[in-house]
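Here the sequence shown stands for residues 1 to 274, numbered as in the UniProt record's numbering.
What follows is a single structure, written as structure tokens, with notes after it.
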Amino acid sequence: MSRSAAAIEARAGDGTAALVGYLPVGFPDVETSVRAARTLVDAGADVIELGLPYSDPGMDGEVIQHAVQTALDTGTRTADVLRAVEQVAETGAAVLVMTYFNPVHRYGVDRFARDLAAAGGAGLITPDLIPDEAGEWISAAEEHDLDRVFLVAPSSTDERLAMTARACRGFVYAASTMGVTGARASVDGAAQELVARTRAADDRHHVCVGLGVSTGGQAAEIAGYADGVIVGSAFVRALAGAAGDTEAGLRELHSLAAEIAAGAHSGGTEGEAR
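Structural data, given as structure tokens:
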């Protein structure tokens, strides 16, 4: 079993959901982003997504766009991301890189897979890469024993859900809404239906829900029907909220992550078996 699947399975065995936490490497600087990711682990996150800064983050909302632009402006590069993976993986958490595919292609697909595996990474989440065009990446991931996480959305047909789930290893990323990332007052009601449709299409993988989660209550709601809760923008906003006070930002991040982890690990508000 892959490392991210094992982390999610451990929570499923307890009747709860895993917390998957995203932060971009290099925001507000590389050292602090590593400390922040380790803070998420300390607060209860089970799987960590480290974002590779990208100049055209089409899936991401304003909060993450601002953070990754800051990371790029201060010189964060792919080598920094790989070093961050190594330092966060030392905690024992499963660490995936979340990246648009162009930087991987430019770096060299097999070379990236080799270096990510050497750093202790568990795999990649690729929001703009569809399985139909991922043959080179799938082969490299197989060669280096890495997870490959593709996305499904409410607009995905049943055939697309089945094909995408078959191509995944680790878990399937269910985007709860058709919009971009960002905290919302409530999680889109289409998420539960999407999880059910994905499982019906192919039940071999865990299904984790992302986009719009920012509170422990929302995490508990999702934990009632999904295997994992993915949170990004809310964590970035918490880290940034201290306006230059690094220690205060890390404390705020820890407090929010602990609240959301408690919600995810509660087993859900409705106590439904998954």
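Each residue gets a CB set at the ideal place from its N, CA and C atoms; glycine is no exception.
Computed from a prediction, not measured in an experiment: that's the story for all the values here.
DSSP places L151 in the strand class (E or B) of the three-state scheme. Shown here for H205: same chain residues with a beta carbon closer than 7 Å to its own, the five before and five after excluded, namely A165, C168, F171 and V172 in chain order. Residue nearest to D80 within the set R197, D110 and V97 is V97 (criterion: CA-CA distance). For the pair F235 and L116, the CB atoms are not nearer than the 9 Å cut-off. By the neighbour-count criterion, in which a residue is buried when 16 or more other Cβ atoms sit within 10 angstroms of its Cβ, D145 is exposed. In this structure G21 is not in contact with V195, their Cβ atoms being roughly 19 Å apart against a cut-off of 8 Å.
DSSP, read as helix, strand or coil, puts E247 in helix. Pairing T74 with R38 gives a Cβ-Cβ distance that is not under 9 Å. Taking A261 as reference, the option from I8, R11 and A45 with the minimal CA-CA separation is A45. For A174, there is no enclosing alpha helix (DSSP H); the enclosing beta strand (DSSP E) covers residues V172 to A175.
Out of R35, A141 and R106, the CA that lies nearest to the CA of A248 is found in R35. Rounded to the nearest angstrom, the Cβ distance from T16 to H265 is 5 Å, consistent with a contact under 8 Å.
Looking at the backbone, the Cα of E193 and that of E221 are separated by about 13 Å.
Between the segment 135 to 154 and the segment 109 to 127 there are three or more inter-stretch CB-CB distances shorter than 8 Å, so the stretches are counted as touching.
The C-beta of G13 has fewer than 16 other C-beta atoms within 10 Å across all chains shown, which makes the residue exposed. Closest option to A243, judged by alpha-carbon separation, among E86, A18, F27 and F112: F27. Within the DSSP bridge table, the entry for R169 names R148 as partners. Within the same chain, no Cβ atom closer than 6 Å to the Cβ of S139 is found once the five residues on either side in sequence are excluded.
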